[in-house]
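Numbering (UniProt numbering), first residue to last: 1 to 143.
These notes are about the structure you will find just below.
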Amino acid sequence: MISEGRRSCPERLSTVSAIMLRANVRSIGRIREFVTGALASQGIDAEVIDDAAIVVSELATNALRYGKLLDGMIVCAYMSAEGPVVEVWDRSPEPPRVMPVDFEAESGRGLNIVCELSARWGVTPLPNGGKAVWSVIRKAGDR
Ligand SMILES: Nc1ncnc2c1ncn2[C@@H]1O[C@H](COP(=O)(O)OP(=O)(O)O)[C@@H](O)[C@H]1O
Ligand SMILES: [Mg+2]
């Protein structure tokens with residue numbers, strides 16, 4: 001599904017699990033583990049948790065590359081009525097841009113994967129600058 005930047009992220013049904021890690025590539029694995037643990041405690045299907053781990057890796061990799069992070073990288077996970085939500089914060093005002101699918105290209109695939117695995121995704125500005133990029137993970141049966 002295409003980004004719906006103007007619609008806000010879904011309302012929280014569970015408490016929000018959040019983690020702040022150093023903004024470097026070694027944190028990506030920890031972020032995957034964090035999301036897997038946070039969503040497993042909500043009783044979510046293993047397949048959907050795997051998808052959430054893929055989506056959060058792509059969003060966190062983008063935050064590292066393009067997000068003008070200074071210190072830490074913040075990642076949140078929570079349940080909504082629409083499904084599990086993962087969210088990655090960064091400090092760049094620039095929105096993510098989905099690139100046309102090009103099987104020859106070595107970059108520009110990440111957000112296409114996010115589109116594929118999300119029921120919807122978008123961007124919410126943060127009060128002190130920067131943005132949260134969030135994704136509602138698609139239900140297993142909707143693929
Ligand atoms: N968090 C972000 N902040 C600013 N720009 C972003 C962010 N995420 C993605 N982008 C922009 O969207 C483009 C597409 O992202 P993506 O599909 O993940 O491809 P890639 O990471 O390989 O460039 C990036 O090249 C970048 O210009
Ligand atoms: Mg990317």
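Ideal Cβ placement from N, Cα and C applies to all residues, glycine included.
Predicted model only: the values in this text are computed from it and were never measured.
Between the CA atoms of residue j and residue i - distance to the nearest angstrom
{"i": "Met-36", "j": "Leu-117", "result": "For clarity, residue 36 is Thr in the given sequence; the question names Met instead. Rounded to whole angstroms, Thr-36 to Leu-117 spans 15 Å at the Cα level."}
{"i": "Arg-30", "j": "Ile-49", "result": "15 Å"}
{"i": "residue 147", "j": "Ala-105", "result": "Because the chain spans 1 through 143 in this model, residue 147 falls outside it and cannot be assessed."}
{"i": "Pro-95", "j": "Leu-21", "result": "22 Å"}
{"i": "Met-73", "j": "Glu-11", "result": "22 Å"}
{"i": "Ser-8", "j": "Gly-130", "result": "16 Å"}
{"i": "Arg-32", "j": "Val-101", "result": "25 Å"}
{"i": "Gly-108", "j": "Asn-128", "result": "28 Å"}
{"i": "Thr-124", "j": "Ser-135", "result": "11 Å"}
{"i": "Asp-142", "j": "Tyr-66", "result": "30 Å"}
{"i": "Ala-46", "j": "Thr-15", "result": "20 Å"}
{"i": "Ile-44", "j": "Phe-103", "result": "32 Å"}
{"i": "Ala-140", "j": "Arg-26", "result": "29 Å"}
{"i": "Met-99", "j": "Val-56", "result": "18 Å"}
{"i": "Cys-115", "j": "Gln-42", "result": "23 Å"}
Inter-residue CB distance, residue i and residue j (contact presumed, cutoff 8 Å)
{"i": "Leu-69", "j": "Arg-91", "result": "6 Å"}
{"i": "Glu-137", "j": "Ala-52", "result": "At residue 137 the sequence reads Ile, which differs from the Glu that was named. Between Ala-52 and Ile-137 the Cβ distance is about 5 Å, and since that is below 8 Å, they are a contact."}
{"i": "Ala-38", "j": "Ser-17", "result": "4 Å"}
{"i": "Gly-110", "j": "Asn-62", "result": "6 Å"}
{"i": "Ile-28", "j": "Ala-60", "result": "6 Å"}
{"i": "Leu-126", "j": "Met-79", "result": "The Cβ separation is near 21 Å, so there is no contact."}
{"i": "Asp-71", "j": "Ala-23", "result": "7 Å"}
C-beta atoms of residue i and residue j nearer than 8 Å
{"i": "Val-75", "j": "Val-88", "result": "yes"}
{"i": "Ala-119", "j": "Glu-58", "result": "no"}
{"i": "Phe-34", "j": "Ile-19", "result": "yes"}
Unbroken beta strand (DSSP E) runs of length 3 or more, entirely within the UniProt domain "Histidine kinase/HSP90-like ATPase" (22 to 120): which are they? Complete beta strand (DSSP E) runs here, min 3: 72 to 80 and 83 to 90.
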